[in-house]
Structures are given as structure tokens and as C-alpha cells.
Ligand SMILES: C[S@@+](CC[C@H](N)C(=O)[O-])C[C@H]1O[C@@H](n2cnc3c(N)ncnc32)[C@H](O)[C@@H]1O
């Protein structure tokens, strides 16, 4: 069944509408059936890298889902974080945790409904991956980030290579100061599923 929540079905999605359908069904159980049971740890690495690079101020979590990155950031320090996602059901779960200043719907494959240079930071984990969001959305993240601000997002390593994310990031270099890449494991060492060895690239862009 295509809409049955599973990592493979998520990777096989073809469009933003497919994402809306799958995550509307997954939202209520996502934290347990995906984050806990599959030992998903990417959000901790994104939060760690953002903080290490001095991220602060008003932060937008894109593809925020149920709020995993915000929870990881708030374990480290006090932050003012907003959430955006294409799934209203995922945002409803995030909102119930009272961790975001506000949340709003957006489709990252289109324009994000936020003014130019309005955020000090942007974070994201798990959203730039197979069947979800591709490299063309990174220019939107740069547009909404203030000069001097910081973007830290994870990108599934195979997705990074197959869609040539690096050339998109290079194209944006006229609007940014520099960027760094770090390769990390997506899942914990004890995880036992088919994707347990999958890796992600943590991309940090200094705008
Ligand atoms: C694997 S979940 C990651 C959620 C959260 N960041 C985490 O680390 O647990 C992917 C999220 O991306 C969202 N998403 C997928 N396509 C999107 C799009 N085009 N625009 C905005 N959000 C999207 C989904 O609704 C889902 O909440």
C-alpha cells in the first residue's frame, strides 16, 4: 500500500501532493514508529552543527515535521524557532509540543511565504531526501536568510549525488560567504533495518 507509513514509501514519493497524503497518515505515529523505532538521529547532528557554527536569532525549521530539530536545538540552548511544512497534520503534532513561536504551511518546491532576509538562521533535517525536496529549493533558503545568517540542512547522501546538489550550492556562491560539508550516519549504531547504514551530508551555508 503506497500510503502506508514507511521509509521506503517515503523515498518512493513522486510529488508534493504525494508527500501531503503520506505524512497526513504518518503524523500521529511518526515520533515512535520512525524517530524512536528506527533510531533516527539526523536532527541531533543538524542541531549540533548549527550551534557549532554560531547559529542564533530567529530560526526557521523547514520541513519541520513533528519538531525533531527544534527539540534537539532547545536541548542545547534557548532559541526562537518557527516551523514550516507541507503537512498540516505533521505541524499539528509539532504545535502540540509548544516549541515553535509559530508554524505555517509552505511547499518548499515553490516560494516560501516569508520576506527576503527575514531569518537569522534556517535548519532542516530529513526533508532534502529521495521523493521529497531537491536542490532548487536551496536558493529560497538563501533568499529568506539575512546576510551574516546561517543555514544548516541535512541532505541524504545518495540524493546529494544523484541530483547534483553541489553544483546548485556553487551557483549560489555569489550570494553567500562560504559553505561546509560533513558526512554523518542517519541512524544510530544499534539500528537493525534495511537503511541502517544510510548517510547524509550536513550542509552549512554562511550567507
Ligand atoms: C522525514 S520528515 C522530516 C521531519 C523532521 N524535520 C524530522 O527531522 O523528523 C520530512 C518532512 O518533509 C515534509 N515535506 C515533504 N515535502 C515537502 C515540501 N515540498 N515542502 C515542505 N515540506 C515538505 C514532510 O511533510 C515531512 O514533514
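Numbering (the numbering used here), first residue to last: -3 to 203. All residues carry an ideal CB built from backbone N, CA and C; glycine is no exception.
**Asked** Under the rule that 16 or more other beta-carbon atoms within 10 Å means buried, what is residue 158, buried or exposed?
**Response** exposed
**Message:** Checking 8 Å against the spacing of the C-beta atoms, do residue 59 and residue 129 come in under that value?
**Reply:** At the C-beta level, residue 59 and residue 129 come within 8 Å of one another.
**Request:** Indicate, with yes or no, if ligand 1 has a heavy atom lying under 7 Å from the CB of residue 15.
**Result:** yes
**Prompt:** Curious, which full-length alpha helix (DSSP H) runs of at least 4 residues does the stretch 84 to 134 contain?
**Reply:** As far as the stretch 84 to 134 is concerned, its whole alpha helix (DSSP H) runs of at least 4 residues are 84 to 91.
**Prompt:** Do residue 80 and residue 27 come within 8 Å of each other at the CB atom, strictly closer than that value?
**Reply:** no
**Message:** Looking only at its chain, what residues have a beta carbon closer than 8 Å to the beta carbon of residue 173, apart from the 5 residues adjacent to it on each side?
**Reply:** 202, 203
**Asked** Which residue from 113, 32, 123, 37 puts its Cα closest to that of residue 193?
**Response** That would be 37, whose Cα lies nearest to the Cα of residue 193.
**Asked** Which residues share a DSSP beta bridge with residue 32?
**Response** BP columns for residue 32 are empty, so no partner.
**Prompt:** Quick one: Cα of residue 143 to Cα of residue 83, how far?
**Reply:** Looking at the two C-alpha atoms, the distance is approximately 29 Å.
**Asked** Would you call the stretch 40 to 51 and the stretch 65 to 75 touching, i.e. three or more CB-CB distances under 8 Å?
**Response** yes
**Asked** Considering only the beta carbon of each residue, do residue 200 and residue 147 sit closer than 8 Å?
**Response** yes
**Asked** Would you call residue 131 buried or exposed, if buried means 16 or more other Cβ atoms sit within 10 Å of its Cβ?
**Response** buried
**Item:** Cβ-based burial, residue 120 [other Cβ within 10 Å; buried from 16]
**Value:** Around the Cβ of residue 120, a 10 Å sphere holds 16 or more other Cβ atoms; the residue is buried.
**Prompt:** Where in the stretch 39 to 67 do unbroken runs of the beta strand (DSSP E), each at least 3 residues long, occur, reported from the N-terminal end onward?
**Reply:** 54 to 58
**Asked** Is the beta carbon of residue 16 sitting closer than 8 Å to the one on residue 64?
**Response** no
**Prompt:** What separation, rounded to the nearest whole angstrom, lies between the Cα atoms of residue 181 and residue 196?
**Reply:** The alpha-carbon separation between residue 181 and residue 196 amounts to approximately 6 Å.
**Message:** On the CB-based measure, 16 or more other CB atoms within 10 Å of its CB, does residue 125 come out buried or exposed?
**Reply:** Buried.
**Prompt:** Looking only at DSSP bridge pairs, what is residue 202 linked to?
**Reply:** 146, 174
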